[in-house]
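Same order as they appear, the protein sequences are chains X and H. When we follow UniProt numbering, the leftmost residue of the first sequence carries the number 1, and every step to the right adds one. When we follow UniProt numbering, the leftmost residue of the second sequence carries the number 1, and every step to the right adds one. Glycine is no exception: its CB is placed at the ideal position from the N, C-alpha and C atoms. Please read all numbers here as calculations on a predicted model, not as lab measurements. In what follows, a structure is listed as structure tokens, so that the remarks can point back to it.
There are 2 protein chains.
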Amino acid sequence: MTGEMTALPDIQPGLLKFIKNTNARAPPPSESLVFGRTFTDHMLTIPWSLIDGWKEPTIQPYGPLSLEPSATCLHYAQTVFEGMKAYRDDTGKVTLFRPDKNMERMNTSAARLALPTFHGPALLELIKELVRTDKHWIPSEPGHSLYIRPTLIGTQRAIGINPPTEALLFVICSPVGPYYPNGFKPIALYGTTEFNRAAPGGTGAFKIGANYAVGVLPQKVAANKGYQQNLWLYGPEHDLTEVGTMNMFVVFRKPSGGYELVTPPLDGMILPGITRDSVLTLAREHAAGKSPLAELTKDLEVSERRVTMKEVKQAAQDGNLVELFGAGTAAVISPVDRIGYLGEDVLIPTEADGMGPVSRPIWKELVGRQMGAIDHEWSQFVTK
Amino acid sequence: MTGEMTALPDIQPGLLKFIKNTNARAPPPSESLVFGRTFTDHMLTIPWSLIDGWKEPTIQPYGPLSLEPSATCLHYAQTVFEGMKAYRDDTGKVTLFRPDKNMERMNTSAARLALPTFHGPALLELIKELVRTDKHWIPSEPGHSLYIRPTLIGTQRAIGINPPTEALLFVICSPVGPYYPNGFKPIALYGTTEFNRAAPGGTGAFKIGANYAVGVLPQKVAANKGYQQNLWLYGPEHDLTEVGTMNMFVVFRKPSGGYELVTPPLDGMILPGITRDSVLTLAREHAAGKSPLAELTKDLEVSERRVTMKEVKQAAQDGNLVELFGAGTAAVISPVDRIGYLGEDVLIPTEADGMGPVSRPIWKELVGRQMGAIDHEWSQFVTK
């Protein structure tokens, strides 16, 4: 997708300018990593203006941005972002997982906020160059990766509420450890009815900053009640929508004895997650017999449909609730063992390893494709 | 309202540090001013950290902020702001209009985003000092003022989605001309049903950045259809909620011949506007005979209640729609003469000066109190 200003320059990888970090640091020990706190030696910046279009991209030392106090991103939340991961296997091969999907979604998000759009493959080429530059920062231990954060902000130096005349796209990288370093630990969710994450006609389907700041207080409320994350419930029937900042799936046992894997449909309130899409694709390929998941022997039906707390409670009571899990880039799969709902706890089965009979084979296949153990087109080669 | 960390220092005006701008500029001619583009010589900054609380406030030369690329405000829209005005009359007296209300609301907004709260009077004292520092920037022509923009952003240098461990409060000032330099010009609204501004359980009642970026695209859609602003309609009955970034009022003719002034109630979806509150207060003081508005001779009923497009259309057809207007800090009162609704235009009466029989006397009283022509406690003395 390109911007409306098609006559103006798009992102041009050929113009890349490189400023080496002469104060390069040694990456910290992998076991000390905390999500999103450590950043690599370099970052990528690409300024944009309404008059000039996308300007010279630069890989430069990681360091502070100079922003006018009137910059619109600071006042009106003109910011969209992405989260993606680079993996390094034990042979040193570096890959990205479905990065084209991130480029597509970032453009969709940018358009929703009237920020400039861009040619996705051009940005991806530059991100690969940034990853190559700092590839020694990618931890190669199992479950480790380099978290990549492309961000696009409005930087217009005037506090009118308009499509900005200036913007800045920047990409920073952070080495991260596994979300569950000691094996899966199921989380407890608080079924949130006091706050909504999204509503029809709103922006729940976009990866924009505005959806995230507003979730911090609800998360504190959940934590104060003894739960790790919010289960965002929508509407009078308390439809399950998302888990914290993840998409969510639930598995029911059908009268036939087979399983139904359910996730809410992309109705405008749900983020079109790339892990969500990957889980659905793997489950559908299995169900169609195209690419069977070895350990999944029962019939599997895959549904994108509404699912309410009434249905989940009833299934739990009847012994037909098989599992419930979150899915996102950071944790990949996040099993749930409990939902606090209107004053009582709905218990969700989990198996000895913390997972369930559907999430486990899907997770194995997904992580195999992500880490490069399973050769697949989802995994894009970056460097060796 | 103070923060949860009451043991830590609150904002301390006594610690104010002053760094003079040695490159002070001459304020531009008042007739050249465009809203929010020109800023005065100085700004106020107050950093905060979870460990130290509120730190030393500084009035310093207006200039760029240095922010880490990982600062949470850039990714997750951790930003709240206020809009307030300082007026200078022809004797040189400088006043602020109900600034205590802005301080209260900024704290409410900050709490909603889990940003640090503060002692409102302490920040107000520092804002007054900033206004005194740059008082020669306040245009004194009728309808002119100094627009003051306090902003509070999360600056934590880590991209976790949490209450930030670091934040920055800054205040910048911009001289502005009248919203309607050549007299009131009624605007046409597009009745927006494709997008929602707010929903129950959401954040419509808070002045947070997240509510504003998302309105830019709907505004473009309205403009492309030939309307100046959005009329945000909510729910299946198309309740009128807000106008662009303003609160809204509608006046009906009652069977008795008197008027009913209606604005939507503060149900969690409506910003508790200070102009909204001022309009309601003036109307109620008039209705109660406490402070009668000279030109308003008919009976006036004041209602905070739901109002739907069906009711507005019916009243327009029956000749009982008297007027409809937006109310906010920037424009004060913004009359409306047309609503594009589901493919047809609903026409709203306006009088020769663009206003109506209820908005005109309210506007005169309000502007009189704002500009200092009418002595009132709402107007706080800053300097002479």
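Distance between H/ALA122 and H/SER379 (C-alpha atoms, nearest Å): Locating residue 379 of chain H in the second sequence gives position 379, where the first residue counts as 1. Locating residue 122 of chain H in the second sequence gives position 122, where the first residue counts as 1. So the alpha carbons of these two residues sit roughly 18 angstroms apart.
DSSP state of X/ASP100 mapped onto helix, strand, coil: Locating residue 100 of chain X in the first sequence gives position 100, where the first residue counts as 1. Helix at X/ASP100.
Beta-carbon separation (whole angstroms), H/CYS173 vs H/THR45, contact threshold 8 angstroms: Position 173 of the second sequence, counting from 1, holds the residue named residue 173 of chain H. Position 45 of the second sequence, counting from 1, holds the residue named residue 45 of chain H. H/CYS173 to H/THR45, Cβ: 13 angstroms. No contact.
8 angstroms Cβ cutoff, H/LEU113 in contact with chain X: The residue labelled residue 113 of chain H in the question sits at position 113 within the second sequence. Answer yes: the Cβ-Cβ gap between H/LEU113 and chain X drops below 8 angstroms somewhere.
Contacting positions in the segment 165-183 of chain X - beta carbon closer than 8 angstroms to chain H: PHE170, ILE172 and SER174
Residue range of the beta strand (DSSP E) that includes X/TRP137: For the purposes of this step, residue 137 of chain X is identified with residue 137 of the first sequence, where counting begins at 1. No beta strand (DSSP E) contains X/TRP137, which DSSP labels as neither H nor E.
Among H/PHE97, H/LEU33 and H/LEU67, nearest to H/ALA373 - alpha-carbon criterion: Working through the second sequence from its first residue, we reach residue 373 of chain H at position 373. Of H/PHE97, H/LEU33 and H/LEU67, the smallest CA-CA separation from H/ALA373 is found for H/PHE97.
Under 9 angstroms (Cβ pairs) to chain X, residues found in the segment 200-224 of chain H: PRO200, GLY201, GLY202, THR203, PHE206, ILE208, GLY209, ALA210, ASN211, TYR212, ALA213, VAL214, GLY215, VAL216, LEU217, GLN219 and LYS220
Exposed unless 16 or more other CB atoms sit within 10 angstroms - verdict on H/GLY343: To locate residue 343 of chain H, count along the second sequence from 1; it is residue 343. With fewer than 16 other Cβ atoms within 10 Å, it is exposed.
X/GLY268 in three-state terms, based on DSSP: As a first step, residue 268 of chain X is located in the first sequence; it is residue number 268 there, counting from the start. DSSP places X/GLY268 in coil when its eight states are reduced to three.
Other residues of its chain near H/ARG112: CB distance less than 6 angstroms, five sequence neighbours each side excluded: Start at 1 with the first residue of the second sequence, and residue 112 of chain H comes out as number 112. For H/ARG112, where only same-chain residues beyond five positions count, the Cβ hits under 6 angstroms are PHE206.
Own chain, CB closer than 8 angstroms to H/MET43, minus 5 neighbours either side, in chain order: Walking along the second sequence from the start, residue 43 of chain H turns up at place 43. Cβ within range, chain order: ILE59, GLN60, PRO61, TYR62, GLY63, LEU130, PHE170, VAL171, ILE172 and CYS173.
For X/TYR190, the first and last residue of its enclosing alpha helix (DSSP H): Along the first sequence, one-based indexing puts residue 190 of chain X at 190. Premise fails: X/TYR190 lies in the beta strand (DSSP E), 187-192, not in any alpha helix (DSSP H).
Between the CA atoms of X/ASP239 and X/ASP318 - distance to the nearest angstrom: In the first sequence, the residue the question calls residue 318 of chain X occupies position 318. In the first sequence, the residue the question calls residue 239 of chain X occupies position 239. If you take the alpha carbons of X/ASP318 and X/ASP239, they lie about 19 angstroms apart.
Residue range of the alpha helix (DSSP H) that includes X/SER359: Looking up residue 359 of chain X in the first sequence gives position 359. X/SER359 -> alpha helix (DSSP H) spans 359-371.
Other residues of its chain near X/ALA315: CB distance less than 7 angstroms, five sequence neighbours each side excluded: If you number the first sequence from 1, residue 315 of chain X lands on position 315. Closer than 7 angstroms at Cβ, skipping near neighbours: PHE252 and LEU321.
The segment 197-206 of chain H / the segment 159-169 of chain X touching (three or more Cβ pairs under 8 angstroms): no
Close Cβ partners of H/PRO181 (< 7 angstroms) along its chain, the five nearest in sequence each way excluded: Taking the second sequence and counting its residues from 1, one reaches residue 181 of chain H at position 181. None.
Exposed unless 16 or more other CB atoms sit within 10 angstroms - verdict on H/GLU25: For the purposes of this step, residue 25 of chain H is identified with residue 25 of the second sequence, where counting begins at 1. Here residue 25 of chain H turns out to be Arg, not Glu, going by the sequence shown. Its Cβ having fewer than 16 others within 10 Å, H/ARG25 is exposed.
Exposure of H/THR241, with buried meaning 16 or more beta-carbon neighbours within 10 Å: Reading the second sequence from its first residue, position 241 is the one you call residue 241 of chain H. Buried: at least 16 other Cβ atoms inside 10 Å.
Min CB distance H/ALA158 to chain X below 8 angstroms: As a working mapping, residue 158 of chain H is identified with position 158 in the second sequence. Judged by the 8 angstroms Cβ criterion, H/ALA158 is in contact with chain X.
Contacts of residue 389 of chain X in chain H (Cβ-Cβ under 9 angstroms): For residue 389 of chain X there is no data in the structure shown, the boundaries of chain X being 1 and 384.
Any 3 or more C-beta pairs closer than 8 angstroms across the segment 138-146 of chain H and the segment 77-90 of chain H: yes
Contact between the segment 76-86 of chain X and the segment 210-219 of chain H (3+ Cβ pairs under 8 angstroms): yes
Residue of X/LEU50, X/GLY120 and X/THR72 minimising C-alpha distance to X/GLU82: Here residue 82 of chain X refers to the residue found at position 82 of the first sequence. Closest in alpha carbon position to X/GLU82, among X/LEU50, X/GLY120 and X/THR72, is X/GLY120.
Limits of the beta strand (DSSP E) - the one that H/VAL34 falls within: Working through the second sequence from its first residue, we reach residue 34 of chain H at position 34. From DSSP, H/VAL34 is part of no beta strand (DSSP E); its letter is neither H nor E.
Given 8 angstroms, three or more beta-carbon pairs between the segment 275-285 of chain X and the segment 225-238 of chain X: no
Option in X/MET371, X/GLY289 and X/ALA188 with minimal Cα separation from X/ASN224: On the first sequence, residue 224 of chain X is found 224 positions in, with the first residue counted as 1. Comparing Cα-Cα distances from X/ASN224 to each of X/MET371, X/GLY289 and X/ALA188, the minimum goes to X/ALA188.
Top-ranked residue by Cα proximity to H/PRO357, from H/GLY92, H/GLU311 and H/LEU261: Translated into positions along the second sequence, residue 357 of chain H becomes position 357. Taking only the C-alpha atoms, the option nearest H/PRO357 is H/LEU261.
H/ASP277, DSSP secondary structure in three states: Position 277 of the second sequence, counting from 1, holds the residue named residue 277 of chain H. Here H/ASP277 sits in helix by DSSP.
For X/ALA288 and X/LEU282, the rounded distance between their alpha carbons: As a working note, residue 282 of chain X is residue 282 in the first sequence. As a working note, residue 288 of chain X is residue 288 in the first sequence. Whole-angstrom Cα-Cα distance: 10 angstroms.
Test: X/GLY3 CB closer than 8 angstroms to a CB of chain H: Here the question's residue 3 of chain X lines up with position 3 in the first sequence. Per-residue confidence for X/GLY3 stands at a pLDDT of 48, beneath the threshold of 50, marking its modelled position as unreliable; the derived number appears in the next sentence. With 8 angstroms as the cut-off, X/GLY3 does not count as an interface residue toward chain H.
C-alpha gap between H/ASP10 and H/LEU16, whole angstroms: Within the second sequence, the letter at position 10 stands for residue 10 of chain H. Within the second sequence, the letter at position 16 stands for residue 16 of chain H. If you draw a straight line from the Cα of H/ASP10 to the Cα of H/LEU16, it comes to about 13 angstroms.
Interface flag, X/ASP10 vs chain H, CB-CB below 8 angstroms: Here residue 10 of chain X refers to the residue found at position 10 of the first sequence. Judged by the 8 angstroms Cβ criterion, X/ASP10 is not in contact with chain H.
Distance between beta carbons of X/LEU152 and X/ALA110, contact taken as under 8 angstroms: Working through the first sequence from its first residue, we reach residue 110 of chain X at position 110. Working through the first sequence from its first residue, we reach residue 152 of chain X at position 152. Sure, about 6 angstroms apart at Cβ, within 8 angstroms.
Cβ of X/GLN314 within 8 angstroms of any chain H Cβ: Numbered from its first residue, the first sequence carries residue 314 of chain X at position 314. Judged by the 8 angstroms Cβ criterion, X/GLN314 is not in contact with chain H.
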